[in-house]
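What follows is one structure encoded as structure tokens, with my remarks underneath.
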Amino acid sequence: MGFGSGGGRVAESTKARVRRAAILRDEDYRRLLEQRTVGDIALELKKTSCAPILERFSLETARRAELEFLLNLSILLEGVAFRHYMGPGDRKLLDLWMENFDIDLFKSHFRSKLGTGEWQRANATELTDRVSDFRLTLLDHERLFASTTFREMLAAVKRESLREELAEAIPQGRDAVDVSAGLDFHRTAFTVGMVLDRYYFDSLYTAVGAMSGNEGRMMRMLAGTRVDLNNLYWIYRGRRFFGMPPEEALTLVMKVRFRAGFDLLTKAAFADPAVFSSALKDTPYERVFDVDEENVALREALVEKNMYRMLFGIVDRAFMSASPGFHNVAAYLMLKEFEVRDLVAVIEAVRYGFERGGVERMLVRTLAGDASTDLRQTA
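One gets our numbering by counting positions in the sequence shown from 1 and adding 91 to each.
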């Protein structure tokens with residue numbers, strides 16, 4: 092099954108490969124890490140492909156949430172630009188792919204209103220001004236930004252099936268007004284985030300499964316590896332940090348599967364969380380979770396970094412394919428996502444004076460000379 096015209100696929104693939112050349116390089120990150128202040132980073136970033144999204148923004152006085160919002164918005168804007176090259180089928184798939192922006196928007200708003208997270212000052216007007224020719228389909232943004240209770244947040248979700256799943260994730264359901272701080276809130280936020288991600292990836296991977304040829308194979312590799320990693324990561328976090336019994340942890344996983352079948356997920360759920368990687372022996376995912384680090388927060392960050400580095404390798408493989416197709420667009424948008432993650436890490440490192448070598452260890456991009464584990468060859 093094809094999603095776009097032949098000419099459209101060639102045009103969108105060519106644009107993706109051209110845009111890939113504008114992705115920040117190793118030397119760009121080294122230069123950013125040498126800056127002494129966040130303001131210096133702002134000046135450097137405004138010399139790169141990041142300049143358009145930062146033209147009305149001052150990094151010197153910015154909060155992290157504001158910066159993350161704008162940088163993530165840049166991914167959405169990049170995606171919108173591809174629509175002009177696409178036929179109706181590919182546009183529909185692109186819209187589905189970019190619903191991840193709405194997913195992250197709901198998570199951020201939920202944390203800021205019901206928990207202790209900070210939220211950007213950006214509002215619905217700024218969002219719609221920046222993407223005036225495009226509307227995401229999952230949320231009513233104006234209603235979401237105006238909401239202060241969980242009931243109001245649910246009303247901003249346009250799809251009834253997702254509203255019902257989210258309502259079941261909160262102890263008080265639709266009547267929830269507040270969520271207590273501490274472990275209860277973090278566990279609830281984890282469950283809400285899992286419900287949102289599961290809805291997104293179930294829908295995306297189902298659509299990808301209908302694609303044929305090399306394009307379909309590449310898309311299943313891109314989306315499917317993420318499905319596997321998320322399923323394993325949810326089990327890992329549920330067991331290790333929230334004390335979930337194996338049976339409950341297994342209820343977190345998606346309906347769709349790629350290479351990590353239900354037998355492997357079951358084995359992982361019943362494994363000792365302290366040695367989670369042992370349940371994944373002889374699979375590509377063993378090294379992702381094989382982290383020897385006593386500090387809990389750092390261990391968590393290293394696992395996440397390993398996940399992204401594996402996905403980075405999958406993106407490389409997708410671009411090595413000579414055939415045109417939507418997979419080139421998807422791979423490029425994933426590269427932009429990794430770039431945003433690394434930029435936020437660099438800015439935070441400079442702001443708080445972290446040691447450079449430690450920061451390089453946490454980047455998705457493996458800078459030359461970085462001796463930490465590179466998972467790209469195991470993807």
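All residues carry an ideal CB built from backbone N, CA and C; glycine is no exception.
Residue i versus residue j: straight-line alpha-carbon distance, rounded
{"i": "Phe474", "j": "Ala340", "result": "This structure leaves residue 474 out entirely; the chain is present only between 92 and 470."}
{"i": "Asp407", "j": "Leu230", "result": "32 Å"}
{"i": "Leu185", "j": "Arg174", "result": "8 Å"}
{"i": "Ala280", "j": "Met425", "result": "24 Å"}
{"i": "Leu50", "j": "Thr357", "result": "Since the first residue of the chain shown is 92 and the last is 470, residue 50 is not available in this structure."}
{"i": "Ala247", "j": "Glu446", "result": "42 Å"}
{"i": "Leu313", "j": "Val450", "result": "26 Å"}
{"i": "Arg202", "j": "Leu162", "result": "19 Å"}
{"i": "Glu259", "j": "Ser252", "result": "11 Å"}
{"i": "Ala388", "j": "Glu256", "result": "29 Å"}
{"i": "Val441", "j": "Leu295", "result": "36 Å"}
{"i": "Glu439", "j": "Asp131", "result": "13 Å"}
Enclosing alpha helix (DSSP H) for residue i [first to last residue]
{"i": "Tyr376", "result": "First-last for Tyr376: undefined, no H or E at that position."}
{"i": "Pro337", "result": "337-341"}
{"i": "Pro179", "result": "179-188"}
{"i": "Gly145", "result": "Checking the sequence, you will find Leu at residue 145 rather than Gly. Its alpha helix (DSSP H) spans residues 142-145."}
{"i": "Leu434", "result": "417-443"}
{"i": "Phe410", "result": "387-411"}
{"i": "Tyr176", "result": "Looking at the DSSP string, Tyr176 is not in any alpha helix (DSSP H), and its letter there is neither H nor E."}
{"i": "Arg317", "result": "304-333"}
{"i": "Val76", "result": "Residue 76 is absent from the structure shown; the chain starts at 92 and stops at 470."}
{"i": "Gly300", "result": "Where Gly300 is concerned, there is no enclosing alpha helix (DSSP H), given that its DSSP letter is neither H nor E."}
{"i": "Asp363", "result": "Where Asp363 is concerned, there is no enclosing alpha helix (DSSP H), given that its DSSP letter is neither H nor E."}
{"i": "Phe148", "result": "Unbroken run through Phe148: none, as it is neither H nor E."}
Option in the options with minimal Cα separation from residue i
{"i": "Arg456", "options": "Ala440, Glu430, Arg442, Glu446", "result": "Glu430"}
{"i": "Leu227", "options": "Thr239, Arg250, Gly206, Ser238", "result": "Arg250"}
{"i": "Glu395", "options": "Ala260, Ser165, Arg452, Ser303", "result": "Arg452"}
{"i": "Asn321", "options": "Ala237, Leu402, Thr239", "result": "Leu402"}
{"i": "Asp354", "options": "Leu323, Leu136, Ala409", "result": "Leu323"}
{"i": "Thr374", "options": "Leu205, Ser199, Ala359, Arg121", "result": "Ala359"}
Own chain, CB closer than 6 Å to residue i, minus 5 neighbours either side, in chain order
{"i": "Thr128", "result": "none"}
{"i": "Phe410", "result": "Ala422"}
Residue i burial status per 10 Å Cβ neighbour count (16 or more: buried)
{"i": "Lys372", "result": "exposed"}
{"i": "Val286", "result": "buried"}
{"i": "Ser303", "result": "exposed"}
{"i": "Arg147", "result": "exposed"}
{"i": "Lys427", "result": "buried"}
{"i": "Glu103", "result": "buried"}
{"i": "Asp193", "result": "buried"}
{"i": "Glu338", "result": "exposed"}
Sequence-distant residues of its chain with Cβ nearer than 7 Å to residue i (five each side left out)
{"i": "Lys106", "result": "Phe173, Tyr176"}
{"i": "Ala298", "result": "Leu184, Leu187"}
{"i": "Glu377", "result": "Ser368, Leu371"}
Proximal residues to residue i (C-beta, below 8 Å), its chain only, five neighbours per side dropped
{"i": "Glu384", "result": "Arg390, Leu393"}
{"i": "Arg317", "result": "Phe292, Leu402"}
{"i": "Leu458", "result": "Asp117, Tyr120, Arg121, Glu451"}
Residue i Cβ short of 6 Å to the ligand NAD heavy atom set
{"i": "Gln126", "result": "No copy of the ligand NAD appears in this structure; indeed no ligand is present at all."}
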